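Quick notes on the structure that follows.
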Amino acid sequence: MITAALLAVAALIVGFSKTSIGGLATISVAIFASVMPARQSTAALLLILLIGDVFAVWHYRRECDWGVLRRLVPAVLPGLALGAAFLAVVDDALLRHTIGAMLLVLTAVQLILTTRGGASRATVRARAHSRPAALVAGLAAGFATMTANAAGGVMTLYFTAQGVRKLQFLGTGACLFLGVNLCKVPFSAGLGLFTMDAVRNALLLAPLVLLGAWVGLRTAARLSQARFDAAVLVATGIAAVALLVR
156 MITAALLAVA
166 ALIVGFSKTS
176 IGGLATISVA
186 IFASVMPARQ
196 STAALLLILL
206 IGDVFAVWHY
216 RRECDWGVLR
226 RLVPAVLPGL
236 ALGAAFLAVV
246 DDALLRHTIG
256 AMLLVLTAVQ
266 LILTTRGGAS
276 RATVRARAHS
286 RPAALVAGLA
296 AGFATMTANA
306 AGGVMTLYFT
316 AQGVRKLQFL
326 GTGACLFLGV
336 NLCKVPFSAG
346 LGLFTMDAVR
356 NALLLAPLVL
366 LGAWVGLRTA
376 ARLSQARFDA
386 AVLVATGIAA
396 VALLVR
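The numbering of the sequence shown is the numbering used here, which starts it at 156 and goes up by one.
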């Protein structure tokens with residue numbers, strides 16, 4: 156019963172994070188890993204994430220900034236390959252802790268910048284729109300999602316640094332993560348991670364993912380831009396802590 160309750164909470168969080176406050180899904184990563192073997196949890200959660208991705212893309216598809224995606228995707232794919240290569244030689248716990256620490260530091264920096272005005276914030280936004288910034292963000296997102304399912308935090312910091320508006324943030328992120336997670340399917344299938352149990356769990360939890368997504372839509376609609384920016388940064392900090400303690 157405890158396991159079922161935890162998985163239900165994780166599914167609700169996944170749906171909620173996909174349509175409102177990104178980054179919280181990393182908490183679901185930690186929950187899944189705590190109640191089932193690591194390899195099994197990776198595949199099971201991937202199916203849950205895809206359900207949330209499809210719902211989010213369907214709702215926010217008109218808000219996607221395809222120009223941002225065109226700059227990010229060429230770097231995300233090598234990031235996935237780099238993450239897979241590192242997983243083969245480096246302890247995954249060390250990688251998760253490293254990514255968690257990195258996200259905490261970057262979140263702290265972003266919080267400091269948001270409390271300052273003038274030239275500092277303008278300079279950061281100008282640099283965040285550059286191609287080198289897109290390259291670094293794409294590589295980091297691909298690497299983070301392959302090693303720890305933590306790309307949400309990376310993209311949150313990238314979009315926030317650019318000053319991306321709420322709906323554009325949600326639409327672009329939804330399309331990006333659907334594509335990234337679909338790219339991960341062949342890797343998981345090739346490793347034999349998609350068991351009947353994983354598929355059955357995904358089907359059973361799908362209604363809760365959709366419920367969480369619906370609640371997320373209502374929440375996002377009520378959040379002002381300032382509160383949305385603050386919420387996603389707090390969620391990224393929580394995600395970083397989840398990676399550190401997992």
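All C-beta atoms, glycine included, are put in the ideal place defined by N, C-alpha and C.
It should be emphasised that the depicted structure is a prediction, and the values quoted were computed from it without experimental measurement.
Within 8 angstroms, strictly: CB atoms of residue i and residue j
i    : j    : result
T327 : D220 : yes
T262 : L398 : no
G170 : G207 : yes
A395 : L204 : no
L235 : G308 : no
K339 : L201 : yes
L294 : A240 : no
I186 : L224 : no
T350 : Q195 : yes
M156 : L242 : no
Cα-Cα separation between residue i and residue j, rounded to whole angstroms
i    : j    : result
F342 : V354 : 16 angstroms
L167 : A180 : 9 angstroms
S275 : P192 : Here S275 scores only 48 on pLDDT, less than 50, and its place in the model should not be relied on; the value that follows carries that caveat. When rounded, the distance between both Cα atoms is 45 angstroms.
Q317 : A361 : 33 angstroms
S285 : S189 : 39 angstroms
Same chain only: Cβ atoms within 6 angstroms of residue i, ignoring 5 sequence neighbours per side
i    : result
T374 : S175
Y120 : The requested residue 120 is not part of the displayed model; the chain covers only 156 to 401.
G371 : F171, T174, S175
A299 : I254, A305, A306, V309
Residue i, DSSP secondary structure in three states
i    : result
A236 : helix
C219 : coil
A305 : coil
G318 : coil
M310 : helix
S172 : helix
P192 : coil
G177 : coil
Nonlocal neighbours in the same chain, by C-beta distance under 7 angstroms from residue i, ignoring five residues either side
i    : result
G367 : A166, L167, I168, V169, G170, F171
Residue i Cβ short of 7 angstroms to the ligand HEM heavy atom set
i    : result
L358 : You won't find the ligand HEM in this model; it holds no ligand whatsoever.
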